[in-house]
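Scroll down for the structure; my scribbles are underneath it.
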Amino acid sequence: MTPREQRNQRKEWRKIKSKQRKRKKSNHNILTPPSSPQPAPEQIPPEHHSTRRKKRLMAKCYRDNDQLRLEIEKQKRLAHRLQMRLLRLKRKSSLNTPTGQDTPRSKARKLLRHWSTEKGKGSRAKRRLMKNQAKKALQFQYTLNAELMNKYRSKNKGKQALSQIIRGKLMRKYKIITEAVNEFRFTAGRQRQKKGSLSKRLTDRVCSFYERDDISRITPGIKDTVTKNGIKKQRRVMTESIEIIHERFILENTDIKISYPTFCRMRPFWVQPPKDSDRETCACKYHENMQFLVNSLHGLNCLPSKRLQEIVKMFACDINKMDCMYGRCMECKEVILQSETDSTINTEWFQWKTKKETRLINNQEKEVTLTVKEKVTDSIDSLIDTFSSEMQRFKVHTFQYHQPIQSLQEHERKLKRK
Numbered sequence: 001m002t003p004r005e006q007r008n009q010r011k012e013w014r015k016i017k018s019k020q021r022k023r024k025k026s027n028h029n030i031l032t033p034p035s036s037p038q039p040a041p042e043q044i045p046p047e048h049h050s051t052r053r054k055k056r057l058m059a060k061c062y063r064d065n066d067q068l069r070l071e072i073e074k075q076k077r078l079a080h081r082l083q084m085r086l087l088r089l090k091r092k093s094s095l096n097t098p099t100g101q102d103t104p105r106s107k108a109r110k111l112l113r114h115w116s117t118e119k120g121k122g123s124r125a126k127r128r129l130m131k132n133q134a135k136k137a138l139q140f141q142y143t144l145n146a147e148l149m150n151k152y153r154s155k156n157k158g159k160q161a162l163s164q165i166i167r168g169k170l171m172r173k174y175k176i177i178t179e180a181v182n183e184f185r186f187t188a189g190r191q192r193q194k195k196g197s198l199s200k201r202l203t204d205r206v207c208s209f210y211e212r213d214d215i216s217r218i219t220p221g222i223k224d225t226v227t228k229n230g231i232k233k234q235r236r237v238m239t240e241s242i243e244i245i246h247e248r249f250i251l252e253n254t255d256i257k258i259s260y261p262t263f264c265r266m267r268p269f270w271v272q273p274p275k276d277s278d279r280e281t282c283a284c285k286y287h288e289n290m291q292f293l294v295n296s297l298h299g300l301n302c303l304p305s306k307r308l309q310e311i312v313k314m315f316a317c318d319i320n321k322m323d324c325m326y327g328r329c330m331e332c333k334e335v336i337l338q339s340e341t342d343s344t345i346n347t348e349w350f351q352w353k354t355k356k357e358t359r360l361i362n363n364q365e366k367e368v369t370l371t372v373k374e375k376v377t378d379s380i381d382s383l384i385d386t387f388s389s390e391m392q393r394f395k396v397h398t399f400q401y402h403q404p405i406q407s408l409q410e411h412e413r414k415l416k417r418k
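Numbering (full-length UniProt numbering), first residue to last: 1 to 418.
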């Protein structure tokens, strides 16, 4: 039988079988009596989510719970590890130091950690041990209080010292100042400052004197600032030592009597002595070079002082007169300096000098001007000649520097009087 014939034969068999089923079903319906009416089926509301989606959400929830559970276990292990590390460090620090690092509160907690007044809790030996420790601590406290009261009851200085102890930092921290006052029977009030004290009346005056341009110079750096108690100020560098500044303040303010320690204490925090970095920078070439010359001559016993202001007064009749400072006065026109040592001996001093160097910048040779600090070695005669010639220029420079400041101060005084 060919495949085509086979398909036709199967098709006939399906038709015959279908007729047979229909005949059998019709016979069954004729012979079966009618059944009672069936109740209407209950209507179930349709579900919003399919079963597959529910299963997917539940699986995701289980996965998230497992992940969070693992994360909690990880954090617990980390916390335990860090806690044990802290305990080891505390134990090590307490072994290295004789007194340990326990605060008063932690000592009290350690003392009362295993304390129990009930007989059923803890062994008898343990309760007896804790009772003896608490008894010793209380006995030590009461004995110390009685000793302090007996020692400082009749002494004013002792009362002041004990009052300072009572209002200390730890007493304020643990809030037991009231108990201490009731125990020792005297107040722990703060010391009141005297009204109209010298430091309060002269603060502004001394501060303005420190900030004068001839007393201190302001630093140019944008980050060169000083901060104290939330107040930020640009740093100023003193041009002279604080002893000299105090002397100048006394000479200019004859109506004020202020001691050197008080003057130092009233110095503003942003006015500071110069550092090494401030000293090495060439703030003023004339002043720095003249200071180097004066230091060398002072070391050779040719000059009595290192202060430039005193040296200028030695070679000028009046530092406020233009003729004397410009070399027009016949009495102080020439600068004469003699040396007691052999003038042929070589000596050394520093000088700021301006030099020109050729440098390679971006593959091109360019001439750069630099100011460098160099050491000069020459005879004492050459040093004295250099000092004499530089002193003439330095007198002019000093007059040109101080005269505008003095005139500005004079105008400020006139404005204040008006």
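All C-beta atoms in this analysis are idealised placements derived from N, C-alpha and C, irrespective of residue type, glycine included. All of these numbers come straight from a predicted model, not from anything done at the bench.
Is the beta carbon of residue i less than 8 Å from the beta carbon of residue j?
i    : j    : result
M391 : V335 : yes
P104 : Y210 : no
W270 : K321 : no
M238 : I245 : yes
K200 : A316 : no
R167 : I177 : yes
H402 : D214 : yes
K353 : E374 : yes
L162 : L144 : no
L297 : F387 : yes
I258 : L202 : yes
R236 : I222 : no
Could you check which residue in the options has the C-alpha nearest to that of residue i?
i    : options                   : result
K306 : F292, T2, D318 and C317   : F292
N301 : K275, D214, E340 and I16  : E340
E247 : L138, L86 and F263        : F263
F399 : H287, K17, K151 and G230  : H287
R136 : K151, A108 and R124       : In the sequence under discussion, the amino acid at residue 136 is Lys, which differs from the Arg named in the question. The option with the nearest alpha carbon to K136 is A108.
T369 : V376, K356, L162 and K375 : K356
M130 : K110, F140 and A146       : K110
H397 : N132, Y326 and K333       : Y326
D342 : I384, H80 and S26         : I384
Does residue i get closer than 8 Å to chain D when you measure Cβ to Cβ?
i   : result
K24 : No chain D appears in the structure shown, which is made up of a single protein chain.
Just grab the DSSP bridge partners of residue i for me.
i    : result
V226 : K233
D378 : T347
S216 : M238
W352 : K373
Q272 : V237
T358 : E367
Residue i: beta carbon under 7 Å from a heavy atom of the ligand FMN?
i   : result
N29 : Here there are no bound small molecules, and the ligand FMN is not part of this structure.
Ordered along the chain, which non-local residues of its own chain (more than five positions away) have a Cβ less than 8 Å from that of residue i?
i           : result
N295        : K306 and W349
residue 433 : The shown model of the chain, from 1 to 418, leaves out residue 433, and the question about it has no answer.
K313        : I319
E243        : Y260
Near residue i, what residues of its chain come up, given a Cβ to Cβ distance below 7 Å and the 5 sequence neighbours on each side ignored?
i    : result
Y62  : none
S241 : none
(Q) For the stretch 346 to 361 against the stretch 378 to 393, do three or more pairs of beta-carbon atoms, one drawn from each stretch, fall closer than 8 Å, so that the two count as touching? (A) The stretch 378 to 393 and the stretch 346 to 361 touch, with three or more beta-carbon pairs separated by less than 8 Å.
(Q) Taking 8 Å as the cut-off, does the stretch 260 to 270 touch the stretch 203 to 219 (at least 3 CB pairs, one atom from each stretch)? (A) Yes, since at least three Cβ pairs between the stretch 203 to 219 and the stretch 260 to 270 fall closer than 8 Å, the two stretches touch.
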